[in-house]
Each structure stands twice: as C-alpha cells, then as structure tokens.
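K.L.:
Residue numbering for the sequence shown follows UniProt numbering, beginning at 1 and increasing consecutively.
Below are the structure tokens for one structure; questions will follow.
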Amino acid sequence: MTDSPADVLLVHGGAPLEGEIRVRGAKNLVPKAMVAALLGSAPSRLRNVPDIRDVRVVRGLLQLHGVTVRGGLGSPQTPGEESGELILDPSHVESANVADIDAHAGSSRIPILFCGPLLHRLGHAFIPGLGGCDIGGRPVDFHFDVLRQFGATIEKRADGQYLEAPQRLRGTKIELPYPSVGSTEQVLLTAVLAEGVTELSNAAVEPEIEDLICVLQKMGAIISMDTDRTIRITGVDSLGGYNHSALPDRLEAASWASAALATEGSVYVRGAQQKSMMTFLNTYRKVGGAFEIGDEGIRFWHPGGPLNAIALETDVHPGFQTDWQQPLVVALTQASGLSIVHETVYESRLGFTSALNQMGAHIQLYRECLGGMPCRFGQRNFLHSAVVSGPTKLQGADLVIPDLRGGFSYLIAALAAQGTSRVHGIDLINRGYENFQQKLVELGAKVERP
Ligand code: EPU
C-alpha cells in the first residue's frame, strides 16, 4: 500500500455500536444551496452546514468567483455566528482563473452546477473534468444537453468545458431521458433566471431537490411541481438572498442505522427525519431492525434474534435510494436466507461486495435484472444484481475503500467482524460523513490510526 498512515484506520471489530450521534445538513443538498446563493443580488444565510469535503470544495470555488463567505464550519469566527452557518455574499461575482478552478474542484461533481448561475451572472463559465465516486460511468450528457436547450454554447477543450450565453438564457421544454438528480438541479438553477417558462418532465423529486426548490422559492423564484414528475419554473428578472436550515442527511442517517443493525447495537441518530426516510424505514423493519421515531431523531437497533432475508430494488425517489443500498447489504450478510438486491440507478454499485466476500460473506453478482422489473442495465453486461446468502460470520481483513458509501460499508463490515481490519483510503469518507471517526469513538467502536 502506498497511502499514508493518516489515511488508514485500524478497526477492531466485534463490539456493538451503542449511543447517540447527530447528523447535520445533507451532503446532497448543502453544496447545491451554496451554489444557489450565486444567483442572488443579496447575501444568503445557510444553517445546519456539515464540515465535509464537498462543502469545502464549493466554498473554495465560490470564493474564487468573488463570493464572500463568512461563518464557520468549525468554530464561529465572529460573536453571534453559529458553527455550521455560512453567510454567502454574491455582490461582487467575477470570473475565476481556469487553472485555479481546476485546482479547487478536486474530486467533487458539484462544479457542473455552477454553469447556469455563472452564465446568468457573467455570461460565461468554465467547468473542469469532474470527479465523484466511481460507481458507474457517471456521464454529464444530460447536463450539457439541457444547457444547450436554454441557449448556451459549449466548447469542449482539453482542460474542460467552456460555456457561453450569447444572450439571456431562455426558458424551454425539456424531457429528461432518466430522472437524474444533478440534471434536475441543473435545470432548476438555470431556469429560475431564464426568460419565460421552463417545463421539465421526468424530473427527479428527491427530498434534497424539494429542499433546493424551497431555497430558490425563498430567493424569489416561481416553481411548481406536478404529481407526474413535471416541474414548471417561471423565470424572474432577479432573485434575492435566502435564510435556510438545510434538511438533515437521510443518507448518513441510514448508514448509522445499518451500522446499528450489522453490529447488533443501538444508535440514536439525532436529526434523522421520518418523512425523508419512509422507504428506508419500511425496508429496515422488513429485515427485522427496530426503530423508534421521536421529534428530534430516530433510534435504530437490533432487537435480537435472526434477521430476515429480503428482496430489494433501488430506484429514484420515492423508491429505495441507491445510497442506502451499500450499508444495508452489510446487514443483509447477517440475515437468514437469500436476499436479492437489484441496483437500478448505477450500473457498477455492487463492486464493493467482493471485499465483503473476502471477509466471509457469500454474495454472488449477476448481469440479469433479478427481482421486480427489468431496468436500463439488463442484458448489458453490468453486474448489477446480487444474491446475498446469510448469515455468515465476517472476519477482519485488509480493505481498500472504493467509493464513499462503499467505504462506509467497509467500516460497518469491519465493526461487525471478528478481529482487526486495516481500512485504507478512509479520507474519502470525509467527503460525505462529518467527523465520522469521532462519532465511531462516541459509539464505542474500537478504532485507531496505526
Ligand atoms: N446520468 C446520465 N447522464 C447524465 C446524468 C446522469 O446518464 O448527464 C445517469 C447516471 O449515470 C446514473 C443516473 O443517471 O446512472 C442517475 O444519476 P444522477 O444524475 O441522479 O446522480 P447525480 O446527480 O450525479 C446524486 C448524488 C448521488 C446519488 C444520486 C442518485 C450528489 C452530489 N450526488 O448524483 O450521491 O447517488 O444523485 O440519487 O448529489 C452519494 O451521496 O454517495 C452519491 C453518489
């Protein structure tokens, strides 16, 4: 291994996770709400901001474009400011140097959402090559197609995409080939200041998108949602700032819930909300997990006895969210019988299971669509279905983190296993899990840096 000791965590497994942790604003909303601030003519205030890498990347990119960012992810800088509160002032938006943008964008996928706001504010934008988790091809063709429909021109060069708006962008009628989260956000962030009406059909309607719509409405946008995945946006001439508390991270909350189940523990997730987790909660109950919902959070625990094998299919909201899949699969290795998992959102989000098999799990991958309905990936050589046979005892192993959720799943597996695991590449988890090591320690996990 070539990684530094700082990027390795030793996990001594076998102890249940017990206690309380807090989740803050959602990784898949907060950076986008920060980008929305670029559209305003007045400062915006975003609360419940977690200290995660994607937030730092977007803060850096906003600052490069002349946005003043006050407030702290850590300790408050000025009396009266709260930690986890950002004040974003877009009064002096300016062009940024291409090399600086490239250097700051890091491995995040959020920079592509700067397109619409920068085209409105400056008439041009530069988007470097994008990162993000390696869980499939992750193309951005929908994004550029919709931007062209608004009237933007796009030139691909070796270092990235150069966009221009020769005149004010115009509202348009768009149908997405698939309800993509990022492309829906791209349309929202572009249409709000475009001239005229935009009608977006086959839109994604994840809770994080609804929260972004709330942010934009607070700024003065006019957006309505129909029951059939159609979103209508009436462009306005200018937007103000917003004051918003980000919705809590339902994906992180489900990760801790799965960790409680796999380690036979009990974790109170302060901040977890029933409404955005209903589908997860139903599945958790079917597997045999217990939970108690309170006003401020949800307690998740293993009630003792065997867990149940289930058939599970990931889907766009309100289906079972793909980001819930990987952590829950670790718990399914402890269920009695055969579980079937059909991943329909990303073609390669089951690769992480090979390491679980090295630890003692029995998981077989298939190219076919197992379970309910045929999906886009059927007959196309993608190993996107799994049969998990359990229960199996897990043993500690040397693990290399493949992606964000897969990485957290390895931590769960290592915690549930007998013996010690050496988990490499843990820095990737900082992209989306705030202070995860400290939280693990608070829950009684035996983890240490080598
Ligand atoms: N797609 C295309 N072309 C595009 C865009 C998407 O073919 O231009 C395809 C993708 O390849 C994928 C599907 O559409 O197969 C869905 O992708 P989507 O655009 O919905 O994903 P995203 O916006 O890139 C966000 C989250 C993901 C989450 C998905 C699905 C962020 C920063 N990322 O990604 O979160 O899994 O939506 O809900 O919001 C994570 O948190 O670990 C994570 C990967």
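Where is the CB? At the ideal position from N, CA and C, for every residue including glycine.
Hey, would you say A259 sits closer than 9 Å to L443, going by beta carbons?
P.N.:
Their beta carbons are under 9 Å apart, which means A259 touches L443 by this criterion.
K.L.:
Whole angstroms are fine: how far does the CA of T230 sit from the CA of T333?
P.N.:
C-alpha separation (whole angstroms): 39 Å.
K.L.:
Which value, in whole angstroms, describes the spacing of the CA atoms of T2 and Q161?
P.N.:
Low confidence applies to T2: its pLDDT is 48, below 50, so where it sits in the model is not reliable, and the reading given next is rough at best. Using only the alpha carbons, I get a separation of about 33 Å.
K.L.:
Counting pairs of beta carbons, one from the segment 418 to 427 and one from the segment 230 to 250, are three or more of them closer than 8 Å?
P.N.:
Contact between the segment 418 to 427 and the segment 230 to 250 is absent, because fewer than three Cβ pairs lie under 8 Å.
K.L.:
DSSP beta-bridge partners for M225?
P.N.:
The partner list for M225 (beta bridge, DSSP) reads I231.
K.L.:
Between A15, H12 and R22, which has its C-alpha nearest E296's C-alpha?
P.N.:
Of the listed residues, the one whose Cα sits closest to E296 is R22.
K.L.:
By Cβ distance, which residues of its chain are closer than 6 Å to M225, with the 5 residues on each side in sequence left out?
P.N.:
For M225, where only same-chain residues beyond five positions count, the Cβ hits under 6 Å are I231.
K.L.:
With a 10 Å radius around its C-beta and 16 neighbouring C-beta atoms as the bar for buried, classify H104 as buried or exposed.
P.N.:
Per the 10 Å Cβ criterion, buried.
K.L.:
Less than 9 Å between the C-beta atoms of H65 and E20, yes or no?
P.N.:
In this structure, E20 does not lie closer than 9 Å to H65 by Cβ.
K.L.:
Within 10 Å of its beta-carbon, does R376 have 16 or more other beta-carbons around it, so buried, or fewer, so exposed?
P.N.:
Its Cβ having fewer than 16 others within 10 Å, R376 is exposed.
K.L.:
Look at the alpha carbon of S91 and the alpha carbon of M219, and state the distance between them as a whole number of angstroms.
P.N.:
Taking the straight line joining both Cα atoms gives about 15 Å.
K.L.:
So the alpha helix (DSSP H) S354 belongs to, where does it begin and stop?
P.N.:
Here the alpha helix (DSSP H) through S354 covers T353 to Q358.
K.L.:
Can you tell me whether N28 is buried or exposed, with buried defined as 16 or more other CB within 10 angstroms of its CB?
P.N.:
It counts as buried.
K.L.:
For the beta strand (DSSP E) holding Y162, just list the boundary residues, first then last.
P.N.:
That run of the beta strand (DSSP E) goes G160 to E164.
K.L.:
Can you give me the Cβ contacts of L118 inside the same chain, cut-off strictly under 6 Å, excluding the 5 residues immediately before and after it?
P.N.:
Counting only Cβ-Cβ distances below 6 Å, and skipping sequence neighbours, we find A125.
K.L.:
In the DSSP assignment, find the beta strand (DSSP E) that holds S385 and state where it starts and stops.
P.N.:
Looking at the DSSP string, the run of the beta strand (DSSP E) that includes S385 is S385 to G390.
K.L.:
Helix or strand or just coil, what does DSSP make of K286?
P.N.:
If DSSP states are grouped into helix, strand and coil, K286 belongs with the helices.
K.L.:
Leaving aside the five residues before and after residue 474 along the sequence, list all residues of the same chain whose C-beta is less than 6 Å from its C-beta, in chain order.
P.N.:
There is no way to answer for residue 474, as the model of the chain reaches only from 1 to 450.
K.L.:
Assuming L338 is part of the beta strand (DSSP E), what are its boundary residues?
P.N.:
Its beta strand (DSSP E) spans residues A335 to H342.
K.L.:
For the beta strand (DSSP E) that D398 lies in, which residues bound it at each end?
P.N.:
Segment D398 to V400, the beta strand (DSSP E) holding D398.
K.L.:
Considering only C-alpha positions, which residue in the set L122, V316 and G116 is nearest to H143?
P.N.:
Of the candidates L122, V316 and G116, the one whose C-alpha sits nearest the C-alpha of H143 is G116.
K.L.:
Out of G196, T68 and S201, state which residue places its alpha-carbon closest to the alpha-carbon of V181.
P.N.:
Nearest C-alpha to V181: S201.
K.L.:
Looking only at its chain, what residues have a beta carbon closer than 6 Å to the beta carbon of P306, apart from the 5 residues adjacent to it on each side?
P.N.:
Counting only Cβ-Cβ distances below 6 Å, and skipping sequence neighbours, we find S336.
K.L.:
I want to check one thing, is the minimum distance from the CB of E313 to the heavy atoms of the ligand EPU below 8 Å?
P.N.:
Because no heavy atom of the ligand EPU lies under 8 Å away, the Cβ of E313 does not count as near it: no.
K.L.:
Let me know the secondary structure DSSP gives P177 once reduced to three states.
P.N.:
Three-state result, P177: coil.
K.L.:
So, for V69: in the same chain, excluding its five sequence neighbours on each side, which residues have a beta-carbon less than 7 Å away from its beta-carbon?
P.N.:
Excluding residues within five positions, the ones whose Cβ falls inside 7 Å are R59, L62, Q63, L86 and L88.
K.L.:
What are the boundary residues of the alpha helix (DSSP H) that includes G104?
P.N.:
Note that residue 104 is His in the sequence shown here, rather than Gly. H104 -> alpha helix (DSSP H) spans V98 to A105.
K.L.:
Measuring alpha carbon to alpha carbon, tell me which of A253, A194 and D141 ends up nearest R168.
P.N.:
The residue with the shortest Cα to Cα distance from R168 is A194.
K.L.:
Closer than 8 Å to a non-hydrogen atom of the ligand EPU - does that hold for the CB of M321?
P.N.:
The amino acid at residue 321 is misidentified as Met; the sequence shows Gln. Q321: yes, Cβ under 8 Å from the ligand EPU.
K.L.:
Just confirm the distance between the C-beta atoms of V330 and I412, as a whole number of angstroms; I'd bet it's less than 8 Å.
P.N.:
Contact flag correct, Cβ pair sits at about 5 Å.
K.L.:
I need the DSSP call for R56, collapsed to helix, strand or coil.
P.N.:
Of the three classes helix, strand and coil, the one that applies to R56 here is helix, per DSSP.
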